[in-house]
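Visitor: Sharing a structure with you now.
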Amino acid sequence: MPTDTPVSNSGPWDAKLQQFHGGQEWAQLSNFVEDFSVTTNPFGMPNGAKLAAAHSIEHSHHYPPADQEPAKSSLARFLWPSEFETERDRLILGNGASELIDLVIRMAPTGTWRPGPFYTQYKEYERSARNNNFTLLPPGTNDKANVACLVNPCNPTGDYLELPELKEWISDNVLPGGYAIIDESMQPWHSEQFREHSLTSQREYVEELYREQGISVFVMHSWTKLWCCTGLRLGSVVCPTAEHMRAIKKIQVPWSVNTVALAFLNAVVDDEEYLQDTWELTPAWRKATVDRLQKLFPDWEFHGREFLSWIWIDTKDVSVAERAVELARAAGVPVRSGGPGYNLPAYIRVAVRHPAKVDVLVGALKTL
C-alpha cells in the first residue's frame with residue numbers, strides 16, 4: 001500500500017507545486033535508447049500524421065480555428081463512425097487531457113471528491129480537486145462523493161472495469177447532482193472492438209442518469225498515449241450534453257489546441273494500419289516482456305490487463321525497485337519508479353516496447 005510520506009526525487013518537477021509524471025529523464029541521458037517510463041504507444045508517432053503536423057507549420061502564422069474544426073469532427077467520426085454528426089456537439093478538444101481535467105473539476109459541484117476503487121491511480125484528478133478546495137476522500141471509502149474520478153483502465157495498476165461494473169461503480173459512488181469523470185485514455189488499446197466496450201457508446205444511459213439523478217458523466221481521453229504525441233498536448237472530453245460542452249468552452253482559453261496538434265489529429269484518426277499493429281502486437285510484446293522478467297525475477301508480481309501498453313510490477317522490496325530504476329537509467333532505458341507521485345516505492349512501471357529495446361532493459365536488470 002502507499003507510504004504515508006510522499007517520496008521525493010522528482011527531478012525537474014517542483015514537488016511542492018506540481019504533480020510528478022514520468023517521461024522527463026530521456027533528455028538528460030547521453031546514452032538514451034528508449035523511454036520505458038511512459039505508457040505511450042511503442043510504435044512511435046504515426047508517419048502520416050507526423051508529416052501533416054510538420055506541414056502545418058507553414059500555416060502557423062495564422063490563428064488556429066476557434067471551433068477546432070475539421071479535427072474535432074474527424075475525432076468524432078473516429079469515436080462514433082455512424083453517429084458522429086449527432087454526437088460531436090458533446091465533444092470538445094483540449095491542450096492535453098490535463099487542461100480538460102482541470103476545467104471540468106473547476107465547474108463541478110463543490111464538496112467531496114473521491115478516486116476510483118483501486119489503491120492508486122493517475123494523480124492529475126486529485127491534484128485538480130485539491131487545488132479547487134474539494135474534501136478528498138480516500139480510496140476504498142464507502143461514501144458517495146460530489147465528484148468521483150475513475151481511471152479505466154487504471155494507470156498504473158492495470159485494473160479495468162467492463163461496462164456493467166463501471167455503471168454499478170458510478171451508481172454506488174456519485175451523489176445525486178454530482179459529476180462522474182471516467183478517464184478512458186488507455187481504453188482504445190482494448191481491441192478493434194474498443195468502441196463497444198467504451199462508455200462513449202452509452203449515450204442513452206448517460207442521458208437517463210442525468211435526467212433522473214442529475215449525475216453528469218464525462219468521458220476523458222488523453223490522445224497523446226495512443227498516438228505517441230505527448231509533446232503536442234492533445235486531449236478531449238465527451239460531455240453528457242451539448243450544454244455541458246458549452247459550459248466548458250465558456251471558461252476555456254481560446255486557441256488552447258494549436259495548429260500543429262489539430263493537423264496531427266485530423267490526419268491520425270485515419271491511420272488504420274497503425275491501430276491494427278497496435279492491437280495485434282502490443283499484447284504479444286507485453287506477454288513476451290512479462291515472461292522474460294518473470295523468469296529472471298520469479299518473486300516479482302506483474303499486474304495489468306493483457307492489452308495494456310505497460311506493466312505494473314511489485315518487486316516486493318524498496319531497495320530492489322530503487323536499484324532497478326538506477327540500472328535502467330544507467331543503460332539508457334529509464335523506467336518509472338512507483339515512488340514519486342504514487343508513493344509505492346517497491347513498485348516500478350515498465351512500458352511495452354520493441355523486443356530489441358527490451359533486450360537492453362533485461363540486460364541491465366540481470367545484475368540485480
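In UniProt numbering, the protein residues as written are 1 to 368.
Glycine included, C-beta positions come from ideal geometry on N, C-alpha and C.
Nearest-angstrom Cα distance between Val352 and Phe36?
Guide: Each residue's alpha carbon lies about 7 Å from the other.
Visitor: Trp13 by DSSP, collapsed to three states: which one?
Guide: Unreliable placement is indicated for Trp13, whose pLDDT of 48 sits below 50; no coordinate value is reported for it.
Visitor: For Glu69, which three-state DSSP category applies?
Guide: Coil.
Visitor: Can you tell me the Cα-Cα spacing of Val358 and Thr289, whole angstroms?
Guide: The alpha-carbon atoms of Val358 and Thr289 are separated by roughly 7 Å.
Visitor: Would you be able to state if there are at least three C-beta pairs under 8 Å between the region 264-275 and the region 126-136?
Guide: Because the criterion of three Cβ pairs below 8 Å is not met, the region 126-136 and the region 264-275 do not touch.
Visitor: Near Ala108, what residues of its chain come up, given a Cβ to Cβ distance below 6 Å and the 5 sequence neighbours on each side ignored?
Guide: Correct list, in chain order: Val147 and Tyr179.
Visitor: Using the C-alpha atoms, what's the distance from Gly177 back to His354?
Guide: When rounded, the distance between both Cα atoms is 46 Å.
Visitor: May I ask which residues mark the beginning and end of the beta strand (DSSP E) holding Phe218?
Guide: Phe218 -> beta strand (DSSP E) spans Ser216 to Ser222.
Visitor: Count the other CB atoms within 10 Å of the CB of Glu196; is the residue buried (16 or more) or exposed (fewer)?
Guide: Counting Cβ neighbours within 10 Å, Glu196 comes out exposed, since fewer than 16 surround it.
Visitor: Does the pairing of the region 307-326 with the region 284-298 give three or more beta-carbon distances under 8 Å?
Guide: With the cut-off at 8 Å, the region 307-326 and the region 284-298 touch.
Visitor: Please confirm whether Ala346 and Val318 have their CB atoms less than 7 Å apart.
Guide: In this structure, Val318 lies closer than 7 Å to Ala346 by Cβ.
Visitor: How is Phe118 classed by DSSP in three states: helix, strand or coil?
Guide: Phe118: coil per DSSP, three-state reduction.
Visitor: If we count the other Cβ atoms within 10 Å of its Cβ and call it buried at 16 or more, is Ser337 buried or exposed?
Guide: Its Cβ being crowded by 16 or more others within 10 Å, Ser337 is buried.
Visitor: Using a Cβ-Cβ cut-off of 8 Å (strictly less than) and excluding sequence neighbours within five positions of Ala129, which residues of its own chain qualify?
Guide: So the list reads Ile105, Trp113, Leu136, Val147 and Cys149, once near-sequence residues are dropped.
Visitor: Which same chain residues end up closer than 6 Å to Tyr122 when comparing Cβ atoms and leaving out the 5 residues on each side of it in sequence?
Guide: So the qualifying residues of the chain are Val151 and Asn155.
Visitor: If the criterion is Cβ atoms closer than 7 Å, does the pair Leu226 and Asn41 meet it?
Guide: Result yes, Cβ atoms of Leu226 and Asn41 sit closer than 7 Å.
Visitor: From Val304 to Lys366, what does the alpha carbon distance come to, in whole angstroms?
Guide: In the sequence as displayed, the identity of residue 304 is Gly instead of Val. Approximately 23 Å, taken between the alpha carbons.
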